[in-house]
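Trainee:
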Amino acid sequence: MIDRRIVSLVACALVGAGCTGSATGAASAVPAAATTALAAGDDVLSTSAGPLRIVPVHHGTLRLELDGAVVWIDPWSEGDLSGPKADYVLITDIHPDHFDASALSKVVKEGTVVVAPPVVADQVPGAVVLRNGESRDLGKLGVEAIPMYNLERGPAPGKLFHDKGRGNGYLLTVGDKRIYISGDTECTDEMKALRNVDVAFVSMNLPYTMPPSEAAVCIQAFRPKVMYPYHFRGSNLGELEAALASQPGIELRIRRWY
Ligand SMILES: [Zn+2]
């Protein structure tokens with residue numbers, strides 16, 4: 002069980018290191034396709050462990066629903082947290098749009114397993130600590146921590162928004178399917194080296210991660226079968242659509258994240 006008092010105190014200490022991208026552009030920069038309504042079932046992935054429902058929530062927040070296992074990724078208070086409680090919560094990084102103690106307290110229940118990099122796990126009693134490159138079998142899903150970091154972008158010369166080794170992207174195994182969640186990152190060698198990814202969520206916003214044009218280069222390197230842009234506030238996804246239009250075998254799914 003999460004100690005809500007402690008994690009709430011931590012949240013108060015972390016404000017100011019955000020990576021929401023809200024200063025970079027208006028919602029009007031998002032193409033019309035981003036607000037397309039979905040028919041029920043469009044975001045259900047068939048796996049050997051049963052159907053997996055994919056629920057885009059908001060910005061970097063999403064939920065995966067497998068029979069007997071609800072997984073929240075980076076619950077943030079800006080999003081709608083009213084869905085089913087979490088069996089697992091995966092947290093990618095320390096920034097408040099990813100580690101939000103108040104939001105976390107709203108999605109957990111007795112027995113929820115929280116998986117986080119050390120910098121976050123230090124603030125969440127009982128969390129499972131996963132460092133870059135480490136894996137854990139959680140029963141219903143396998144989790145591998147993939148590095149997420151900036152190559153060049155940061156708040157000042159010589160500084161990066163996300164230092165290598167601090168945060169985790171996650172590669173999940175659910176039955177016979179593999180799902181990649183990038184976290185806040187630029188186009189790293191580790192992302193380009195991924196293979197056999199069925200569904201990918203890749204961040205793309207400036208100044209904190211990368212523009213859609215750079216994300217497209219990475220996506221064409223590891224070629225996920227299904228690609229969901231996420232964490233893209235203020236970005237022109239038309240760049241991504243244009244780049245992937247000539248890439249058969251990569252299905253682009255633009256959903257309502259804002
Ligand atoms: Zn972020």
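Just so you know, our numbering puts 57 at position 56 of the sequence shown, and the rest follows in order with no gaps.
Note that the Cβ used here is the ideal one computed from N, Cα and C, for glycine as well.
Only a predicted model underlies this, so the values are computations on that prediction, with no experimental measurement involved.
Tell me whether Ala38 is buried or exposed, calling it buried when 16 or more other Cβ atoms sit within 10 Å of its Cβ.
Mentor: Here the model assigns Ala38 a pLDDT of 44, short of 50, so the residue's position is not dependable, and the following value carries that caveat. Ala38 comes out exposed.
Trainee: Assign Val58 to buried or exposed, taking buried as 16 or more other Cβ atoms, counted over all protein chains shown, within 10 Å of its Cβ.
Mentor: Answer is buried; the Cβ neighbour count reaches 16.
Trainee: Is any heavy atom of ligand 1 found at a distance shorter than 7 Å from the C-beta of His99?
Mentor: Yes, Cβ of His99 sits closer than 7 Å to a heavy atom of ligand 1.
Trainee: Could you have a look at Leu241 and say whether DSSP puts it in helix, strand or coil?
Mentor: Leu241 falls in the helix class under three-state DSSP.
Trainee: Look at the alpha carbon of Val125 and the alpha carbon of Pro249, and state the distance between them as a whole number of angstroms.
Mentor: Approximately 43 Å between the Cα atoms of the pair.
Trainee: Buried or exposed for Gly235, please, with buried defined as at least 16 other CB atoms from any protein chain shown within 10 angstroms of its CB.
Mentor: Gly235 comes out buried.
Trainee: Answer yes or no: do Pro225 and Ile255 have a C-beta to C-beta separation smaller than 8 Å?
Mentor: Cβ atoms of Pro225 and Ile255: not closer than 8 Å.
Trainee: In whole angstroms, what separates the C-alpha of Ala27 from that of Val120?
Mentor: Confidence at Ala27 is low in this model, with a pLDDT of 38, below 50, so its placement is unreliable and the value that follows should be read with caution. Going from the Cα of Ala27 to the Cα of Val120 covers about 32 Å.
Trainee: Can you find a heavy atom of ligand 1 that lies under 7 Å from the Cβ of Gly155?
Mentor: False, no ligand heavy atom lies under 7 Å from that Cβ.
Trainee: Between the C-alpha atoms of Leu105 and Glu145, what's the straight-line distance to the nearest angstrom?
Mentor: Approximately 21 Å between the Cα atoms of the pair.
Trainee: Going by DSSP, what residue range makes up the beta strand (DSSP E) through Asp138?
Mentor: Unbroken beta strand (DSSP E) run through Asp138: Ser136 to Asp138.
Trainee: Consult DSSP for Glu66 and reduce its assignment to one of helix, strand or coil.
Mentor: Reduced to three states, the DSSP call for Glu66 is strand.
Trainee: Helix, strand or coil, according to DSSP, for Val198 in the structure here?
Mentor: Coil.
Trainee: To the nearest angstrom, how far is it from the Cα of Asp164 to the Cα of Ala102?
Mentor: Each residue's alpha carbon lies about 22 Å from the other.
Trainee: Are Asn237 and Pro213 closer than 8 Å when you measure CB to CB?
Mentor: Taking 8 Å as the Cβ cut-off, Asn237 and Pro213 qualify as a contacting pair.
Trainee: Please go through the same chain and pick out, in chain order, the residues whose beta-carbon is closer than 6 Å to the beta-carbon of Val203, but skip the five residues on each side of it.
Mentor: Taken in chain order, the residues that qualify are Ser183 and Ala216.
Trainee: Does ligand 1 have a heavy atom nearer than 7 Å to the CB of Gly80?
Mentor: No, Cβ of Gly80 sits at least 7 Å from all heavy atoms of ligand 1.
Trainee: So, for Ser83: in the same chain, excluding its five sequence neighbours on each side, which residues have a beta-carbon less than 8 Å away from its beta-carbon?
Mentor: There are no such residues.
Trainee: Mind pulling the beta strand (DSSP E) runs of 3 or more residues that sit fully within the stretch 119-168?
Mentor: Counting only runs of 3 or more, we get 136-138 and 143-149.
Trainee: Any heavy atom of ligand 1 closer than 7 Å to the CB of Gly170?
Mentor: No - ligand 1 has no heavy atom lying nearer than 7 Å to the Cβ of Gly170.
Trainee: Do you know whose CA, among Lys178, Ile74 and His99, lies nearest Pro52's CA?
Mentor: Looking at the Cα atoms, Lys178 is the closest of the given residues.
Trainee: Between Arg137, Glu153, Ala122 and His60, which lies nearest to Phe233 when the distance is taken from Cα to Cα?
Mentor: Minimum Cα distance to Phe233 is reached at His60.
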